Amino acid sequence: MKFIPNSSIKDMMLEEMRINDVEELFSDIPKKIDIKKLDMPKSLSQQNTKQRLRRIAKKNKSFYDVTSFLGGGIKPHYIPSVVKSIISRAEFYTAYTPYQPEASQGFLQAMFEYQSMIAELTGMDISNCSLYGGFTALAEAALMCTRINRKKTFVIPQNISWEKKSILNNYAKGPGIEVKEVSYDIKTGKIDLEELKKHVDENTSGVYIENPNFFGVFEDKVDEISSFVKDTGSLFVVGIDPISLGVTKSPGEYGADIVIGEGRSFGNPMDFGGSSLGIFACKKEYVRQMPGRLIGMTKDTDGKRAFCMALQTREQHIRRGRATSNICTNEGLCALASVSYLSWIGGNGLEKLSRINFEKGQKLAESIELIDGFKGIFSGVHFNEFVIKCKKDANKINKKLLRRDIQGGLILDTWYPKLKNCMLFGITEMHADADIEKLVSALKEESHV
Amino acid sequence: MYRSAVYDEPLLNELVSSKKEKIKPLDILPDSLKRNEKINIPDIDETQVVRHFHHLSQMNYGIDSGIYPLGSCTMKYNPKICGEIASWDGFTGTNPYQDVSTIQGNLQVMFELERMLCEITGMDYFSLQPAAGAQGEFLGMLLTRAYHESNKDFERNEVILPDTSHGTNPASVAMAGFKLVEISSTKEGTVDLDVLEKVLSEKTACFMLTNPNTLGIFESEILEISKLVHDTGALLYYDGANMNAIMGKARPGDMGFDIVHLNLHKTFATPHGGGGPGSGPVGVKMKLEKFLPVPRVCKNKKEYFFDYDAPESIGKIKGYYGNFSVLLKAYIYILMMGRDGLRESSEIAVLNSNYMKKKLLDSGRYELPYKELRKHEFVLSCEKLKQEKNVRALDVAKRLLDYGFHPPTIYFPLIVKEALMIEPTESESKEDLNCYVDALIKIADEKPEIVKNAPNNTPVKRVDDVGATKNPVLTWNMI
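This is the structure in structure tokens:
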């Protein structure tokens, strides 16, 4: 049998162990539950497996078959070959969590560099070395706020991804945190500041805003929000799209205590939504309440620089039921892809990338808004995603676009009933001008039908 | 034998320095958000980036480097074909919100994988959403709560765990808001039925168990345990970290477990990636199906589709549909192994473990507390070495690095003093097992000062992790 070297010498090994039958090694399994065989197909050769998977892959249409303008978080980004080459190094790819630092210096140093870059990007003092994704990162942030200040109400905007909200509510149940929602301003697409102020009081553990928010719009009243959140003694949590940080201020500059986000766009493919990479950074005074793994710099017995997992006393394998989180396996390889990506693109490159995404976002929005039957509904400045209201049935429009190998925007009314026939469009550096023209001309024709 | 390269590799910001620079702000942005300074990340030439990470990789041990017998981690060989296929554009280039007609391939993989996992475990349904085993446990606890609440059984707030449980178990239980009740094990290292019976009550929500347990011992009284637990109205949870011991031999579903999580990055050979991405699917019996996360992948005559129509569902636990790239690799692995291959994996994993155990016990250098027959892993104690030579499990582990081997899990489970928890998996050859055994025997006979000063053949000597916690330096700005 493949991948099992001792298959062919099983009997010899048994003899050496003075055992007659391998079944003796399973004699502790009660007869009543002993099974002889699984009801599954027999093994497939590698060649046949590959052929079968080729047929399955053909039933998908990737971004290269159907040009996608979906917003809602996941969009295609360019992945330099360097990244793929680095994360394919089997020494990284096939390693476990670095419990033995002396045999894991490479991965540990890379994670230390990842933490350093994420701290730089977010304007925070420290970062952990990943959580499962941007969505669970918010949930972990909410739990952390309560650990820090013992308060039990967490305030979020209504316009965050419904999936994120559902995850947050599930995580909040354990410690009994109440999640309060603040509605958005239907004109600007930004959080309703007056309502936010009403919801935040001395029982508020933390306040969460996103920049840009789920509708692609920038929340610009950050200084005002930050100062009254502080005044009430609660913590300020900011969600980011890391690509936008090349041109926007880091949340650290406007007073965030915790910054979270989805880091997939740095060097990781869309992968149908997973794997993902949860960014989690905060001020250093909260380090002992952080969830997840932290890599620290230290010394070996010769005084030479070395790296290892730090503050493990917060973690489940030491503290068990009193750990700051249950995180064990996180998203190490995705973090490695991100640090490789950031090293490759550099600070200058990231600024350029950010500008391109911003500009493409403006160009696509302007082009669509010129078409009859499509109009932007929010006045706030947006990044590379934005909401368009369609005069006609948005579902029908998307079906028609699909026949032209275009995937239209994300239809919002299932989750946001106020936004009937509204689509969330998204665009990145991967979309050529020709792609924009293709979408625009298709929408024009559909609007005339 | 593995030998690490040794570099004094600079940090990226030492390789090329980066300084604060003004940039031209983006006019259209609101003033409160305009960035004025360049992000302080160094701009490095591609050649240097590649060499930097290449050097780092050469100072890292993976399963491709050699044997990696971390107990309870199932570090088996990760077939190359799985990674190659999972990197095809047809999979990586798909967006979770695409029209369902354009993702039929992905849905087929998820649908079929769910059926495969059900057959392997004897469960009725699976959710593929959890990103790791620990998140699977957390989901299991949410399902437990939803189940009891739907039965109007609101008083059940305790979860019972054996003292041998994985650290994530109590952490997940606590996160979900349950009270922990830890029970001691018998002299055989298994669940003490008398103790269990005493703590079970109308307050018990669930009993969480790993089988074989973390000592590598199969809980032979599992059917009695199951009866006790169910008689009080509680649920039985299976931590699948040790599933590699029993594939095709026995199934948690047949043992009476109501909820099961698996670790695809252990049992089903997906690479661990230095700490993820993983995947921790959760299987349930019929009575818990309605609480599973949305969406479920279903199939009608025409096509596969996502079903969100589940009013009693707990909602979501992870964005989108889980770590799809990991699901795909596990699906490919299971296809290749088939029913016979999976059974053979477990048989040889158990054979390898018992082979090593016997040789090490015969050597007389290490002791094996508790029952002798083990499954895929066994836990030795270095207590004798400690008493006689003041050599501890940590020292043995570090000395193994000098021999070019990755050490086993140490100091776990907590009920074994100076524990070495060894899980060779089915991937290792007899020769490699012998070399590992020989190294462990040699180490026991070496002068204590050699062992206590190890490692010496690694890029750095013994690392001061206490210092890293006392004075945390977590970014290059903190240096």
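Chains as they are written, first to last, in my numbering: chain A, 1 to 449; chain B, 450 to 928. We treat Cβ as the ideally placed atom computed from N, Cα and C, and that holds for glycine. Source: prediction; values computed, not measured.
Residue i - partner residues in DSSP beta bridges
{"i": "Gly261/A", "result": "Ile240/A and Ile279/A"}
{"i": "Pro862/B", "result": "DSSP lists no partner for Pro862/B."}
{"i": "Val912/B", "result": "Asp300/A"}
{"i": "Thr924/B", "result": "DSSP lists no partner for Thr924/B."}
{"i": "Ile871/B", "result": "Leu519/B and Phe827/B"}
{"i": "Glu631/B", "result": "Leu610/B"}
{"i": "Ile411/A", "result": "Met423/A"}
{"i": "Leu684/B", "result": "Cys655/B"}
Three-state secondary structure (DSSP) of residue i
{"i": "Arg89/A", "result": "coil"}
{"i": "Ala306/A", "result": "strand"}
{"i": "Asn803/B", "result": "helix"}
{"i": "Ser325/A", "result": "coil"}
{"i": "Cys831/B", "result": "coil"}
{"i": "Ile386/A", "result": "The sequence shown places Phe at residue 386/A, not Ile. DSSP places Phe386/A in strand when its eight states are reduced to three."}
{"i": "Ser576/B", "result": "strand"}
{"i": "Pro251/A", "result": "helix"}
{"i": "Gly702/B", "result": "helix"}
{"i": "Ser946/B", "result": "Since the displayed chain B opens at 450 and closes at 928, residue 946/B lies outside it and no answer follows."}
{"i": "Gly710/B", "result": "Looking at the sequence provided, one finds His at residue 710/B rather than Gly. Reduced to three states, the DSSP call for His710/B is strand."}
{"i": "Lys391/A", "result": "coil"}
{"i": "Pro157/A", "result": "strand"}
{"i": "Ala625/B", "result": "coil"}
{"i": "Thr593/B", "result": "helix"}
{"i": "Phe374/A", "result": "strand"}
{"i": "Asp894/B", "result": "helix"}
{"i": "Lys483/B", "result": "strand"}
{"i": "Lys879/B", "result": "helix"}
{"i": "Thr653/B", "result": "strand"}
{"i": "Asn839/B", "result": "coil"}
{"i": "Lys471/B", "result": "strand"}
{"i": "Ser68/A", "result": "strand"}
{"i": "Tyr885/B", "result": "helix"}
{"i": "Tyr782/B", "result": "helix"}
{"i": "Asp34/A", "result": "coil"}
{"i": "Ile295/A", "result": "strand"}
Assumed close pair residue i, residue j - CB separation to whole angstroms, cut-off 8 Å
{"i": "Asp538/B", "j": "Ser62/A", "result": "5 Å"}
{"i": "Leu843/B", "j": "Leu737/B", "result": "With 8 Å as the limit, Leu843/B and Leu737/B do not qualify as a contact, their Cβ atoms being about 42 Å apart."}
{"i": "Leu658/B", "j": "Leu684/B", "result": "Contact doesn't hold; Cβ gap of about 11 Å is too wide."}
{"i": "Ile783/B", "j": "Phe717/B", "result": "6 Å"}
{"i": "Pro528/B", "j": "Met785/B", "result": "7 Å"}
{"i": "Arg293/A", "j": "Asn128/A", "result": "6 Å"}
{"i": "Phe383/A", "j": "Asp241/A", "result": "7 Å"}
{"i": "Ile371/A", "j": "Ser447/A", "result": "6 Å"}
{"i": "Glu463/B", "j": "Val746/B", "result": "Wrong, their Cβ atoms sit about 48 Å apart, outside the cutoff."}
{"i": "Met40/A", "j": "Leu342/A", "result": "Their Cβ separation, rounded to whole angstroms, is 43 Å, which puts Met40/A and Leu342/A out of contact at 8 Å."}
{"i": "Lys396/A", "j": "Thr67/A", "result": "19 Å between Cβ atoms; not a contact."}
Selection from the options that minimises the alpha carbon distance to residue i
{"i": "Gly189/A", "options": "Gly426/A, Glu437/A and Leu419/A", "result": "Leu419/A"}
{"i": "Asp762/B", "options": "Gly589/B, Gly515/B and Asn485/B", "result": "The sequence given here places Ser at residue 762/B; Asp does not occur at that position. For the residues Gly589/B, Gly515/B and Asn485/B, the minimum Cα distance to Ser762/B belongs to Gly589/B."}
{"i": "Asn883/B", "options": "Val900/B, Ser812/B, Arg841/B and Val909/B", "result": "Ser812/B"}
{"i": "Ala109/A", "options": "Ala306/A, Leu342/A, His317/A and Lys400/A", "result": "It is worth fixing the name first, because residue 109/A is Gln in this sequence and not Ala. Nearest of Ala306/A, Leu342/A, His317/A and Lys400/A to Gln109/A, Cα basis: Ala306/A."}
{"i": "Lys130/A", "options": "Glu140/A, Lys180/A, Asn330/A and Lys304/A", "result": "Before going on, a small fix: residue 130/A reads as Ser here, not Lys. Ranking Glu140/A, Lys180/A, Asn330/A and Lys304/A by Cα distance to Ser130/A puts Asn330/A first."}
{"i": "Thr551/B", "options": "Asp433/A, Lys399/A and Ile436/A", "result": "Lys399/A"}
{"i": "Asn348/A", "options": "Phe740/B, Gln553/B, Leu642/B and Pro491/B", "result": "Pro491/B"}
{"i": "Phe154/A", "options": "Gly174/A, Phe3/A and Val179/A", "result": "Val179/A"}
{"i": "Gly71/A", "options": "Asn421/A, Glu446/A, Leu412/A and Glu445/A", "result": "Leu412/A"}
{"i": "Phe740/B", "options": "Ile859/B, Phe575/B, Asp641/B and Leu777/B", "result": "Phe575/B"}
{"i": "Leu777/B", "options": "Gly273/A, Thr248/A, Ile87/A and Glu359/A", "result": "Gly273/A"}
{"i": "Leu610/B", "options": "Phe603/B, Glu604/B and Pro619/B", "result": "Pro619/B"}
{"i": "Arg147/A", "options": "Arg403/A, His431/A, Ala394/A and Arg322/A", "result": "Arg322/A"}
{"i": "Phe214/A", "options": "Glu385/A, Phe280/A and Leu402/A", "result": "Glu385/A"}
Any non-hydrogen atom of the ligand SAH within 6 Å of residue i CB
{"i": "Leu834/B", "result": "Among the components modelled here there is no ligand, and therefore nothing to report on the ligand SAH."}
Below-7 Å beta-carbon distance, residue i vs any chain C residue
{"i": "Ile899/B", "result": "Considering every chain present, this structure includes no chain C. Its protein chains are A and B."}
For the stretch 166 to 210 of chain A, list the beta strand (DSSP E) runs that are entirely contained and at least 3 residues long, ordered along the chain. You should have 178 to 182.
Any alpha helix (DSSP H) of 4 or more consecutive residues that is wholly inside the stretch 79 to 135 of chain A: For the stretch 79 to 135 of chain A, whole alpha helix (DSSP H) runs of length 4 or above, ordered along the chain, are 81 to 87, 90 to 93 and 105 to 122.
Enumerate, from N- to C-terminal direction, the unbroken alpha helix (DSSP H) stretches of 4 or more residues contained entirely within the stretch 507 to 585 of chain B. Qualifying alpha helix (DSSP H) stretches, in chain order: 529 to 535, 538 to 541 and 553 to 570.
Of all the alpha helix (DSSP H) runs that stay within the bounds of the stretch 727 to 771 of chain B, which reach a length of 4 or more residues? Listed in chain order, there is nothing to give.
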